[in-house]
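S.K.: Counted the way mature numbering (1 follows the signal peptide of the UniProt record, and there is no 0) counts, the sequence shown spans residues -19 to -1, 1 to 418. Before anything else, here's the structure in question.
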Amino acid sequence: MFVLSLVTLYLGFTLLASASPLPVFGPLERNVANTNVVQNSLFSDSSSPTVLSLARRFNSTGSSNVLKFDQARAKAMQQRGRTDQDPSSAADASVINVDATSQAVSYVVEVIIGGRTCWYHLLVDTGSSNTWIGADSSNPYVPTESSRLTGDGFLIQYGSGAVVGYEVLETVIIAEGLVLSGQSIGVAVYASGMAGIDGILGIGPSALTRGRLRVQMQISANTVTDTAWYSGLLDARVISIFFQPSNTIDSKNGELTFGGIDKTKFRGPLHYTPLTTTGPTASFVGVMQTIVYGDESNVVLAPSAGILDTGTTLILIAPDAFKRYQAYTGGVPDDTVGLLSITPDQYAKLRTLVFIIGGVRYELTPNAQIWPRALNEALGGTSDKIYLIVNDLGSMSEGGMEFINGMSFLERFYMVYDIAGGQAGLAYTQYTYADIN
């Protein structure tokens, strides 16, 4: 019944949009003429990367939301990846029933859509590519003179819920000097499981937009990064992410950089590794990785494909790998939050967890492997416990996606998503070894 209602709503608003008398334009075309019009009318040349502040928010509505949400998201992403590899399995991806009702932790940026007073807090997501607003009914979309209906609708299933709405072409101001004209965005008329945010800023691979629209189902829409690149606003088709680990509820200690890297945010060399090109991870920012506990004699995860994902909070690994990690650490599942809990004595003996990506070792110290203890209660736990941030992916290893390195990993390293080069970069930061948790 829920699926039928969603589809009915979806089709209804698609027809409404199609019947609108407003002018209808297609996606921003990838041609020089269109690019020049946009560039001359709205912007000046941008010769340096554009940097946005990235903030973390807690939206927990109950115990165990972080783990449940991450596992539900992982399941949805695996299914999406398999669907991209085998379109005949699309019917199986229609609905994923989960217990999580909202995302517990969000990493958000503020952008302007439409009028210059219309600010929206959007979750930064490398695991999706559609940008949409309307999740918070108290901050609705306000059409402007630049608004144009496309005649299309959209339906997206996430691990935490679903969103249905219609597409418009609108002016999106990501930051000073990064003004996007005619950007395709979604306006939600129904959204569930998105508490505390206005929508999503999708910065993942363009192919993830395919199949999300009602009319142009087989066409990939331009992401915000695509539009900025084709409009001549970026020197490089690159997105970089930095976030300083924090033990406070709401912290604004991060950066999202369009068009380049910020060399002040990392230490030492920036190493790149090719993105995966096969299996479900090929639809995302996928890399190959090995994990060892302490040294190479204690293998947690053999060489496997997985993804780097800003929309996931924890580090999730395949069930067999998780069992090995649990055995090495002695962690016991906590009934309240679902994470592994260890004693102070076990914490004192905890060894470094080493992630080997592209032949480079990235070390997650014992302190980096635990949830910030000052935030235990925000997680739904108790203040005197020690929780580990590595957990079970919640699906079988043969799914082809055997790990997700979420923000608990990315907070300790500088990440670069090189779209044009088909590679991901990682570097150490001054906070890699910080004892902040």
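In this text, a Cβ means the ideal position worked out from N, Cα and C, and glycines have one as well.
1. Which value, in whole angstroms, describes the spacing of the CA atoms of A185 and G312?
2. What residue from T346, F336, W113 and E91 has the CA that sits closest to Y147's CA?
3. Could you tell me the distance, in whole angstroms, from the CA atom of S173 to the CA atom of G180?
4. Hey, P124 and G163 are a contact pair by Cβ (cut 8 Å); roughly how many whole angstroms apart?
5. For a quick check, are the C-beta atoms of F390 and L289 less than 9 Å apart?
6. In the DSSP assignment, find the unbroken beta strand (DSSP E) run with V143 in it and report its ends.
7. Can you give the Cα-Cα distance for V205 and Y253, rounded to whole angstroms?
8. For the structure I just gave you, are there three or more beta carbon pairs, one from the segment 207 to 227 and one from the segment 395 to 403, closer than 8 Å?
9. My assumption, with CB atoms under 8 Å, is that F135 sits in contact with N111. Please give the rounded CB distance.
10. In the segment 248 to 290, which residue ranges form an unbroken beta strand (DSSP E) of at least 3 residues, counting only runs that do not cross its ends?
11. May I have a chain-ordered list of the beta strand (DSSP E) segments no shorter than 3 residues that lie completely inside the segment 359 to 416?
12. Quick check: what's the CA-CA separation for S227 versus N234?
13. DSSP puts E126 in a beta bridge; with which residues?
14. Could one say the Cβ of I137 lies closer than 9 Å to chain C's Cβ atoms, at least one of them?
15. Would E126 be called buried (16 or more neighbouring beta carbons within 10 Å of its own) or exposed?
16. Are the CB atoms of I370 and T294 nearer to each other than 9 Å?
17. Roughly how many whole angstroms lie between the Cα atoms of I385 and D117?
18. Which partner residues does Y88 have in the DSSP bridge list?
19. Measure how close the beta-carbons of V145 and V105 come, nearest whole angstrom, since I'm counting them as under 8 Å.
20. Judging by CA-CA distance, which residue of Q350, G381, T324 and V47 is the nearest neighbour of G361?
21. Measuring alpha carbon to alpha carbon, tell me which residue in T262, Y309, G292 and D301 is nearest A286.
M.R.: If we stick to the structure as given:
1. For the purposes of this step, residue 185 is taken as residue 204 along the sequence shown, with counting starting at 1. For the purposes of this step, residue 312 is taken as residue 331 along the sequence shown, with counting starting at 1. At residue 185 the sequence reads Gly, which differs from the Ala that was named. Approximately 34 Å, taken between the alpha carbons.
2. Here the question's residue 147 lines up with position 166 in the sequence shown. Selected option, being the one with the closest Cα: W113.
3. As a first step, residue 173 is located in the sequence shown; it is residue number 192 there, counting from the start. As a first step, residue 180 is located in the sequence shown; it is residue number 199 there, counting from the start. The alpha-carbon of S173 is positioned some 11 Å away from that of G180.
4. By one-based count along the sequence shown, residue 124 stands at place 143. By one-based count along the sequence shown, residue 163 stands at place 182. About 15 Å; that fails the 8 Å criterion.
5. Against the sequence shown, residue 390 aligns to sequence position 409. Against the sequence shown, residue 289 aligns to sequence position 308. Taking 9 Å as the Cβ cut-off, F390 and L289 qualify as a contacting pair.
6. For the purposes of this step, residue 143 is identified with residue 162 of the sequence shown, where counting begins at 1. The question names Val, yet the displayed sequence has Ala at residue 143. Counting along the chain, the beta strand (DSSP E) containing A143 begins and ends at A143 to A156.
7. Translated into the one-based positions of the sequence shown, residue 205 becomes position 224. Translated into the one-based positions of the sequence shown, residue 253 becomes position 272. Cα to Cα, the separation comes out at about 23 Å.
8. Yes: at least three Cβ pairs fall under 8 Å.
9. Residue numbering aside, residue 135 sits at position 154 when the sequence shown is read from its first letter. Residue numbering aside, residue 111 sits at position 130 when the sequence shown is read from its first letter. Your pair F135 and N111 checks out as a contact, with CB atoms roughly 7 Å apart and the cut at 8 Å.
10. Counting whole runs of 3 or more residues, the segment 248 to 290 contains the beta strand (DSSP E) stretches 248 to 255, 267 to 274 and 280 to 289.
11. Whole beta strand (DSSP E) segments, 3+ residues: 371 to 373, 384 to 386, 394 to 399 and 404 to 409.
12. As a first step, residue 227 must be located in the sequence shown, where it is residue number 246. As a first step, residue 234 must be located in the sequence shown, where it is residue number 253. Cα to Cα, S227 sits roughly 8 Å from N234.
13. Translated into the one-based positions of the sequence shown, residue 126 becomes position 145. In the DSSP output, where bridge partners are listed per residue, E126 has none listed.
14. Among the chains in the structure shown there is no chain C, since it carries only a single protein chain.
15. Along the sequence shown, one-based indexing puts residue 126 at 145. E126 should be labelled exposed.
16. Here the question's residue 370 lines up with position 389 in the sequence shown. Here the question's residue 294 lines up with position 313 in the sequence shown. Between I370 and T294, the C-beta spacing is below 9 Å.
17. To locate residue 385, count along the sequence shown from 1; it is residue 404. To locate residue 117, count along the sequence shown from 1; it is residue 136. So the alpha carbons of these two residues sit roughly 28 Å apart.
18. On the sequence shown, residue 88 is found 107 positions in, with the first residue counted as 1. Paired residues: R37.
19. Within the sequence shown, numbered from 1, the residue matching residue 145 stands at position 164. Within the sequence shown, numbered from 1, the residue matching residue 105 stands at position 124. The Cβ separation is near 22 Å, so there is no contact.
20. Residue mapping note: residue 361 aligns to position 380 of the sequence shown, counting from 1. Comparing Cα-Cα distances from G361 to each of Q350, G381, T324 and V47, the minimum goes to V47.
21. Residue numbering aside, residue 286 sits at position 305 when the sequence shown is read from its first letter. Shortest Cα-Cα distance from A286 to any of T262, Y309, G292 and D301 involves T262.
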